[in-house]
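Asks:
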Amino acid sequence: MTVTKIEIPTIDLRGYYEPTSPTSKEEVVAQVRAACLEHGFFQIEGHGVSLEVQRNMLAACKTFFDLPTDQKAELSLYKNTWRRGYEGYGEQTPHHAVLPDQKEAFFVGRDLPEDQIGFLKGPNVWPEQVPTNQFRGPVEEYFEALLKLGHRVMEVLVVGMGHPPSILDSFTGNAAMFLKLLRYPEHTFTDPRVFGSGAHTDYGGLTILLQDPGKHGLEVYHAATEQWIPVPAVEDRFVINLGDMVQRWTDGEYKSNLHRVINKASGERFAVPAFWHGDLEATNPLNPNDTSGETVQDFIRKKFYRDYSLPLAEEKGAIDVSLSDNGQSLTESPGSVVSGIATGDDFRMLGYLPDSDDQLANGAEQSQSAALSPSQGLVSPELEKAIRTIPPKPYTDTLVQYFLSEMNDQYYCLYPPTFSHDYATWWSGKANGQSLTPAFTALLLHVCACAILYLDVETRQQLESDLGENYASLSEQYHRTAKQLSNTIGPGKGGLTQVQQLFLGAIWYKTEALFVESWHALGAAIHEAQELGMHRSSSKAKVSEFEREMRRRIWCLLYTWDWQMSLLLSRPFIINSCCCSLELPNLRLETPNTEANTPSPVTSISLQCQLGQRISTVPGVMSGILSPNQAIAIQQEVTRWTETFPPIFHLTAPDTTHDHTHTYIPMQRHQLHALAHMVTFMPLKPCLTINPTTQNTPNLEKSLQPTAVSCALNLMQSAQQLLSHLLPANGKFHFAPFLMFDTAAYLCSALIHDKHRDLPQRDKVLECISLALSTLKDVARTAKTGATCYAVLAKIVGNIALSAQERELIWAQRSLATTSTTDIIDDAGRSSSDGNIAGQQNNGIVPSVSGGLDSSGITPYMHASASGLGLDAIPSMDLNLDLSDLNQIWDWDNLGLDLDIPGF
């Protein structure tokens with residue numbers, strides 16, 4: 013079937029304004045009308061805007077977007093309520109789209125003084141780093157030129173409907189218009205749901221689009237033929253389209269049409285749409301029979317908040333709520349109890365403003381312990397139950413001490429001196445009959461709930477014997493009671509302590525391998541922190557310097573968990589980094605003299621936070637899209653990040669002088685190294701699940717497969733080193749075992765697809781998988797997730813076509829580490845030295861693994877099929893596996909396998 017080629021018409025406007033033009037005025041009006049009736053789109057030439065002004069605008073656009081991300085983020089449009097400033101990648105998802113748009117934007121409107129702030133009205137924001145003649149000047153000149161052009165085009169539309177031009181006198185006198193400077197990255201995504209700008213209609217009057225010449229990407233939908241019509245990007249030619257308001261005001265005669273953008277150019281693409289709406293206070297000039305009284309502002313307001321869910325505009329300390337959703341006025345009238353202007357207190361009661369904004373102005377939380385309440389109110393049933401649930405003081409002392417000495421260094425969500433003081437105060441207050449705060453009581457319960465899960469066997473058994481209950485049941489009871497008590501605390505009422513205890517709830521869920529529940533609990537902690545204003549600059553909070561530093565630390569920790577868990581669970585980021593102020597901790601609480609070689613325990617979290625900030629600038633990451641196309645950019649960011657490490661965390665030859673006196677240092681070193689390898693490997697995973705022999709396999713994936721293998725081997729080394737340091741006490745710390753399992757599973761996929769047995773470093777891949785099997789078998793003794801990972805990995809390995817020699821190699825029982833007389837041996841007989849797997853950590857993040865895997869301590873452990881027993885004979889294998897908690901964070905389909913294995 014032949015598809016009819018359809019084009020968006022190009023119209024020369026000179027026929028309307030210049031008597032000497034070969035085209036008559038009537039012809040131009042007729043052409044515009046026909047385009048509005050059929051497409052709602054047309055292109056114009058002879059428009060009167062000089063080519064120099066257009067080129068200067070595009071140059072200014074490039075100048076701005078070339079600024080560093082942090083400088084652009086300082087101008088975030090979410091820092092004001094009138095839509096001026098910067099919007100980052102992935103921050104806008106069209107109303108009916110699935111994934112966020114892949115673009116960044118900068119908004120400019122009429123520059124009004126602060127005393128005229130209102131709905132879409134207010135001052136512009138400008139980058140101070142850019143000279144006026146390179147950005148602000150060209151933008152303002154272009155803005156004025158487009159205001160005039162919008163009037164011209166609107167006049168042609170009106171005449172085409174049979175109205176005289178004078179009908180626009182009250183409509184265009186103070187026309188509102190907004191420029192949206194856009195940069196689209198090169199479109200390298202293979203997911204068909206990803207667009208530079210997803211299919212949408214514009215919501216206002218006219219849109220006048222300036223495109224980067226030769227950089228095509230705009231497409232318009234033609235409903236009759238179900239085609240997407242490309243609109244070429246031609247110099248000195250504007251694209252005009254009608255918005256929803258024009259369609260409504262013409263009773264559907266003129267169209268507001270769907271359109272989308274896919275950057276089809278090589279390299280980035282710039283565009284500048286101007287949204288020309290007319291006077292915000294004007295009513296419909298296009299239909300004299302329209303008596304609704306609906307203004308431009310009424311219409312846009314409804315569309316705007318439906319599609320973008322943005323906060324209402326603040327006007328001189330109050331908020332205009334004079335318009336209901338249907339556009340009717342709610343202004344005070346006889347018999348009405350609704351005021352047109354609501355005060356800040358009114359909206360604080362309704363939840364639009366944080367109740368706790370600057371709540372610490374009087375120093376209430378600074379002058380006393382967080383454990384005691386200044387008021388002597390009635391004790392709620394939940395608080396009474398919580399106090400009864402906390403174990404007797406000797407046992408609570410044990411749990412608190414264990415948490416502070418063994419667990420807190422992993423996250424450092426509590427500052428030990430302050431918590432210890434508040435803990436002592438809590439017991440003293442309880443003995444003296446003083447009022448105890450629900451927030452600290454819940455925090456104490458969560459400390460007990462987490463710590464009891466990590467106790468050594470002897471201490472745990474003694475505690476179980478004395479308390480007469482299983483440790484797991486006790487932990488769940490403490491957590492459940494803390495959660496019930498937490499629910500009685502209103503938003504913003506529990507202060508920093510409430511944020512800490514909510515975060516400990518997320519830790520508890522994660523320890524119990526309830527990863528999705530942990531993500532939701534993290535969201536609750538983040539929202540509570542936002543209610544306290546932690547997402548804003550700490551300089552605005554009326555608190556002590558100590559409190560300010562603690563707020564920075566907790567917000568940094570929440571941000572770190574957010575980006576890591578969101579990528580791990582393939583969930584949206586909870587924190588929008590472009591609408592918050594992310595200030596790093598000063599790290600001087602523990603080391604006031606700022607000793608360079610003994611950093612604060614918070615240094616690791618601060619570094620992880622910085623890695624999240626770095627990779628969030630890579631297009632697609634904030635949308636949860638990771639692919640080989642981003643591998644180089646992500647690797648570069650990771651490399652730059654590791655170059656900022658202090659000496660004790662260096663990838664090669666780190667300073668280990670303080671490892672024995674500061675026990676958190678080696679654990680955090682291994683954790684940071686593993687994180688670096690993990691992030692580098694993530695976009696390369698698809699390169700291990702391809703069949704390189706098929707013609708459909710992209711060349712990029714084929715070329716990156718050797719790098720992917722090297723990264724996987726490096727990651728396995730790093731995860732093993734972290735795990736050897738954590739075991740046996742922290743067997744429930746899932747990060748390292750899951751990394752080993754996930755990496756080994758992808759290496760198995762690479763082997764299964766390796767039909768010609770030429771996978772790079774195939775022997776080392778086999779040794780790595782063997783190590784993962786033996787390691788996970790050890791972890792399975794103490795953690796359910798470890799048991800599941802081992803069973804699943806063993807089942808995958810059983811389906812790899814291997815030679816007899818390879819089967820013997822892969823099923824050999826390997827030790828976690830090579831021990832010597834100088835190594836520190838833990839209770840499980842494992843070494844905490846770094847001399848494992850390859851003997852040393854590789855120097856870089858991506859280079860190939862050097863040296864063979866350590867093979868000492870091998871004992872024969874043959875795959876069942878090697879002796880003809882088949883899959884059923886694999887020891888400890890259950891053919892009907894329940895992925896249970898592992899299913900929350902791991903997707904079998906990602907391996908690209910088609911195996912008929914029962915239980916999957």
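Count along the sequence shown starting at 1, add 12, and that's the number in my numbering. Beta carbons are placed, not taken as given, at the ideal position from N, Cα and C, and that holds for glycine.
(1) Would you list the residues sitting across from residue 219 in a DSSP beta bridge?
(2) Which runs of the alpha helix (DSSP H) fall wholly inside the stretch 718 to 774 and span at least 4 residues, in chain order?
(3) Below 8 angstroms, how does it come out for the stretch 219 to 234 and the stretch 258 to 277: are there three or more Cβ pairs, yes or no?
(4) Use the C-beta contact count for residue 470: other C-beta atoms within 10 angstroms, 16 or more gives buried, fewer gives exposed.
(5) Do you know whose CA, among 311, 501, 613 and 635, lies nearest residue 586's CA?
(6) Just to confirm before moving on: does the CB-CB distance between residue 508 and residue 459 stay below 9 angstroms?
(7) Residues in its own chain within less than 7 angstroms of residue 537 by CB, not counting five upstream and five downstream?
(8) From what residue to what residue does the alpha helix (DSSP H) around residue 3 run?
(9) Which residue's Cα is closest to the Cα of residue 143: 119, 195, 153 and 76?
(10) Around the Cβ of residue 17, are there at least 16 other Cβ atoms within 10 angstroms (buried) or fewer (exposed)?
(11) Using a Cβ-Cβ cut-off of 6 angstroms (strictly less than) and excluding sequence neighbours within five positions of residue 638, which residues of its own chain qualify?
(12) Under the three-state reduction of DSSP, which class applies to residue 224: helix, strand or coil?
(13) In angstroms with no decimal places, state the Cα-to-Cα distance between residue 768 and residue 814.
(14) Quick one: is residue 816 buried, meaning 16 or more other Cβ sit within 10 Å of its Cβ, or exposed?
(15) Give the C-beta separation of residue 777 and residue 783 to the nearest angstrom, bearing in mind that I take them to be a contact with Cβ-Cβ under 8 angstroms.
(16) Reducing DSSP to helix, strand and coil, say where residue 382 ends up.
(17) Per DSSP, which one or two residues make a beta bridge with residue 189?
(18) Taking just the CA atoms, how far does residue 617 sit from residue 22?
(19) At the level of alpha carbons, what is the spacing between residue 26 and residue 54?
(20) In the DSSP assignment, find the unbroken alpha helix (DSSP H) run with residue 645 in it and report its ends.
(21) Using only the alpha-carbon positions, how far apart do residue 213 and residue 119 sit?
(22) For residue 230, report the span of its alpha helix (DSSP H) as first-last.
(23) Measuring straight from C-alpha to C-alpha, what distance separates residue 755 and residue 727?
(24) Taking only three categories from DSSP, how would you classify residue 194?
(25) Round the Cβ separation of residue 625 and residue 594 to the nearest angstrom and send it over; I've been treating them as touching at under 8 angstroms.
(26) Taking one C-beta from the stretch 214 to 227 and one from the stretch 279 to 295 each time, how about it: are there three or more such pairs within less than 8 angstroms?
(27) Quick one: grab the DSSP three-state call for residue 544.
(28) For the stretch 184 to 195 and the stretch 240 to 252, state whether three or more C-beta atom pairs, one from each stretch, are separated by less than 8 angstroms.
(29) Classify residue 656 as buried or exposed, calling it buried when 16 or more other Cβ atoms lie within 10 Å of its own Cβ.
(30) Using the beta-carbon count (16 or more within 10 Å), is residue 31 buried or exposed?
(31) How big is the Cα-Cα spacing for residue 268 and residue 613?
(32) Taking the DSSP output, what are the residues bridged to residue 123?
(33) Going straight from the alpha carbon of residue 501 to that of residue 454, what length do you get?
(34) Roughly how many angstroms separate the alpha carbons of residue 686 and residue 748, rounded to a whole number?
(35) Using a Cβ-Cβ cut-off of 8 angstroms (strictly less than) and excluding sequence neighbours within five positions of residue 464, which residues of its own chain qualify?
(36) What would DSSP say about residue 240, mapped onto helix, strand or coil?
Replies: To lay it out plainly:
(1) On the sequence shown, position 207 is the one that residue 219 refers to. 253 and 287, per the DSSP bridge assignment.
(2) If only complete runs of 4 or more residues are kept, the stretch 718 to 774 shows the alpha helix (DSSP H) at 747 to 764, in order along the chain.
(3) Output reads yes: the stretch 258 to 277 touches the stretch 219 to 234.
(4) The residue you call residue 470 lines up with position 458 of the sequence shown. Under the 10 Å beta carbon count, residue 470 is surrounded by fewer than 16 other beta carbons and is classified as exposed.
(5) By one-based count along the sequence shown, residue 586 stands at place 574. Per the Cα distances, 635.
(6) Here the question's residue 508 lines up with position 496 in the sequence shown. Here the question's residue 459 lines up with position 447 in the sequence shown. No. Outside cutoff.
(7) On the sequence shown, position 525 is the one that residue 537 refers to. Short of 7 angstroms from the beta carbon of residue 537, and not among the five residues preceding or following it, lie these beta carbons of its own chain, in chain order: 511, 514, 515, 518 and 570.
(8) For residue 3 there is no data in the structure shown, the boundaries of the chain being 13 and 916.
(9) Within the sequence shown, the letter at position 131 stands for residue 143. Measuring from the Cα of residue 143, the nearest candidate turns out to be 76.
(10) Your numbering for residue 17 matches position 5 in the sequence shown. It counts as exposed.
(11) Within the sequence shown, numbered from 1, the residue matching residue 638 stands at position 626. Excluding sequence neighbours, residue 638 sits near 694 and 695.
(12) For the purposes of this step, residue 224 is taken as the residue at position 212 of the sequence shown. Coil.
(13) Taking the sequence shown and counting its residues from 1, one reaches residue 768 at position 756. Taking the sequence shown and counting its residues from 1, one reaches residue 814 at position 802. Using only the alpha carbons, I get a separation of about 12 angstroms.
(14) Counting from one through the sequence shown, the residue named residue 816 turns up at place 804. Under this definition residue 816 is an exposed residue.
(15) Position 765 of the sequence shown holds residue 777. Position 771 of the sequence shown holds residue 783. Not confirmed; about 11 angstroms, so no contact.
(16) Indexing the sequence shown from 1 puts residue 382 at position 370. Looking at residue 382 - three-state DSSP - the assignment turns out to be coil, as it is neither helix nor strand.
(17) Residue mapping note: residue 189 aligns to position 177 of the sequence shown, counting from 1. The partner list for residue 189 (beta bridge, DSSP) reads 288.
(18) Your numbering for residue 22 matches position 10 in the sequence shown. Your numbering for residue 617 matches position 605 in the sequence shown. Straight through space, the alpha carbons of residue 617 and residue 22 are spaced by roughly 57 angstroms.
(19) Against the sequence shown, residue 26 aligns to sequence position 14. Against the sequence shown, residue 54 aligns to sequence position 42. Whole-angstrom Cα-Cα distance: 15 angstroms.
(20) Along the sequence shown, read from residue 1 onward, the residue named residue 645 stands at position 633. Residue range 643 to 654 is occupied by the alpha helix (DSSP H) that includes residue 645.
(21) In the sequence shown, residue 213 corresponds to position 201, counting from 1. In the sequence shown, residue 119 corresponds to position 107, counting from 1. C-alpha separation (whole angstroms): 18 angstroms.
(22) On the sequence shown, position 218 is the one that residue 230 refers to. Careful: residue 230 lies outside any alpha helix (DSSP H), inside the beta strand (DSSP E) at 230 to 234.
(23) Position 743 of the sequence shown, counted from the start, is the residue given in the question as residue 755. Position 715 of the sequence shown, counted from the start, is the residue given in the question as residue 727. Cα-Cα distance, rounded: 7 angstroms.
(24) The residue labelled residue 194 in the question sits at position 182 within the sequence shown. Here residue 194 sits in strand by DSSP.
(25) Counting from one through the sequence shown, the residue named residue 625 turns up at place 613. Counting from one through the sequence shown, the residue named residue 594 turns up at place 582. Indeed they touch by this definition, with Cβ atoms about 7 angstroms apart.
(26) These segments touch.
(27) Within the sequence shown, the letter at position 532 stands for residue 544. Residue state for residue 544 is assigned as coil, using DSSP reduced to three classes.
(28) In this structure the stretch 184 to 195 does not lie against the stretch 240 to 252, because fewer than three pairs of beta carbons, one per stretch, are closer than 8 angstroms.
(29) Translated into the one-based positions of the sequence shown, residue 656 becomes position 644. Burial check for residue 656: the Cβ neighbour count within 10 Å stays below 16, so the residue is exposed.
(30) Taking the first residue of the sequence shown as 1, we reach residue 31 at position 19. When all chains shown are included, residue 31 counts as exposed.
(31) If you number the sequence shown from 1, residue 268 lands on position 256. If you number the sequence shown from 1, residue 613 lands on position 601. The straight-line gap from Cα to Cα measures roughly 57 angstroms.
(32) Residue 123 sits at position 111 when you count from the first residue of the sequence shown. 134.
(33) Numbered from its first residue, the sequence shown carries residue 501 at position 489. Numbered from its first residue, the sequence shown carries residue 454 at position 442. Cα to Cα, residue 501 sits roughly 10 angstroms from residue 454.
(34) Taking the sequence shown and counting its residues from 1, one reaches residue 686 at position 674. Taking the sequence shown and counting its residues from 1, one reaches residue 748 at position 736. In a straight line, the C-alpha of residue 686 is about 8 angstroms away from that of residue 748.
(35) The residue given as residue 464 occupies position 452 in the sequence shown. Once the five neighbours on either side are set aside, the close Cβ partners of residue 464 are 411, 472, 475, 483, 486, 487 and 490.
(36) Counting from 1 along the sequence shown, the entry for residue 240 is found at position 228. Residue state, collapsed to three classes: strand.
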